Amino acid sequence: MTLIFAHRGSAGTHPENTMDAFLEAERVGADGIELDVQLTKDGEVVVIHDETVDRTTNGKGYIKDSHLKDLRKLHANYTFKKKLFNKHKIPTLIEVFDWMKNNSLVCNIELKNSIMDYEGMEEKVITMINDYGYSDRIIISSFNHYSIVACSRLDPMIEIAPLYSTGLYMPWVYAQSLGAKGIHPNKKVASDEIITESIRNGICVRPYTVNKAHQMKRLFNLGCSAIVTDYPEKAIKIRTEL
Ligand code: G3P
Ligand code: MG
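With UniProt numbering, letter number 221 in the sequence shown gets 221, and the count goes up by one each step, no holes.
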């Protein structure tokens, strides 16, 4: 069965990368969540997609230049889609990990270190995963493939997967060269042939960001291991009706 991972929580219906979005993913019965992490100036791992707070909060500036205590004063997406949600703080990865103690969701952590060079990010994230005993329920992905290999060297038990959005040639061979058991392609480059050949070669395929019903159906029928979607409730309904 294809698993359903809620992209940035349930970003289609709730403020992305907030606890509200993760709770919604749990409520609708998603199999996992996908979230993005960046590093603050004081070295804390925070859950936010962009390198700056400008788009998703009422603040301005780079995460790398801000201390956690200041970031926590901001409102994260408090007027999302013109609906007023509760005041959200930017979550820390620890906050999400604490919440995960009460459920069995898989967590796909995307390291956002392909634009910023966050020194020591891999060590911090892996140490945290080990402290919580979560090695078997985490998948680490990134567009920075050096970084996921570094994670795998720190803890070979943790699954890694390269993210990509261009026409990578024989991605299943590439994944094997990284020591990855899966690939996370943009749906636009996840052709039938690539998916079929990857699966035939023992590589899991988890395309993102899959929001339309016909795309979901195609990927379910091809046997993808998971899809990453902004609309987990919709995806679950479609999967049930197959
Ligand atoms: O992990 C899949 C997806 O999240 C990658 O793109 O920009 O939404 O983080 P983005
Ligand atoms: Mg992401």
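Yeah, the Cβ is synthetic: ideal placement off N, Cα and C, and Gly gets one too. Values in this document were obtained by computation on a predicted structure and should not be read as measured data.
Are the beta-carbon atoms belonging to residue i and residue j less than 8 Å from one another?
i           : j           : result
residue 143 : residue 168 : no
residue 178 : residue 96  : no
residue 158 : residue 135 : yes
residue 46  : residue 37  : yes
residue 33  : residue 93  : no
residue 154 : residue 119 : no
residue 130 : residue 172 : no
residue 86  : residue 49  : no
residue 220 : residue 99  : no
residue 151 : residue 140 : yes
residue 207 : residue 185 : yes
residue 238 : residue 217 : yes
residue 203 : residue 181 : yes
residue 183 : residue 205 : yes
residue 52  : residue 90  : no
residue 43  : residue 124 : yes
residue 26  : residue 13  : no
According to DSSP, what are the bridge partners of residue i?
i          : result
residue 5  : 32 and 228
residue 13 : DSSP lists no partner for residue 13.
residue 26 : Looking at the DSSP assignment, residue 26 forms no beta bridge with any residue, so it has no partner.
residue 56 : Paired residues: none, contrary to the question.
residue 76 : 57
residue 39 : 45
residue 92 : 46
To the nearest angstrom, how far is the alpha carbon of residue i from that of residue j?
i           : j           : result
residue 115 : residue 176 : 25 Å
residue 88  : residue 74  : 8 Å
residue 76  : residue 10  : 14 Å
residue 15  : residue 236 : 20 Å
residue 174 : residue 222 : 21 Å
Please check if any C-beta of chain D sits within less than 8 Å of the C-beta of residue i.
i           : result
residue 216 : The structure shown has no chain D; it contains just one protein chain.
Segments assigned beta strand (DSSP E), at least 3 residues, entirely inside the region 96–127 | If you keep only unbroken beta strand (DSSP E) runs of at least 3 residues inside the region 96–127, you get 106–111.
Contact between the region 143–156 and the region 60–75: three or more CB pairs below 8 Å?
-> no
Give a yes or no on contact between the region 1–9 and the region 223–236, applying the rule of three or more CB pairs nearer than 8 Å.
-> By the criterion of at least three beta-carbon pairs nearer than 8 Å, the region 1–9 is in contact with the region 223–236.
Counting only runs of 3+ residues fully inside the region 127–214, write out the beta strand (DSSP E) ranges in chain order.
-> 138–142, 159–164 and 182–185
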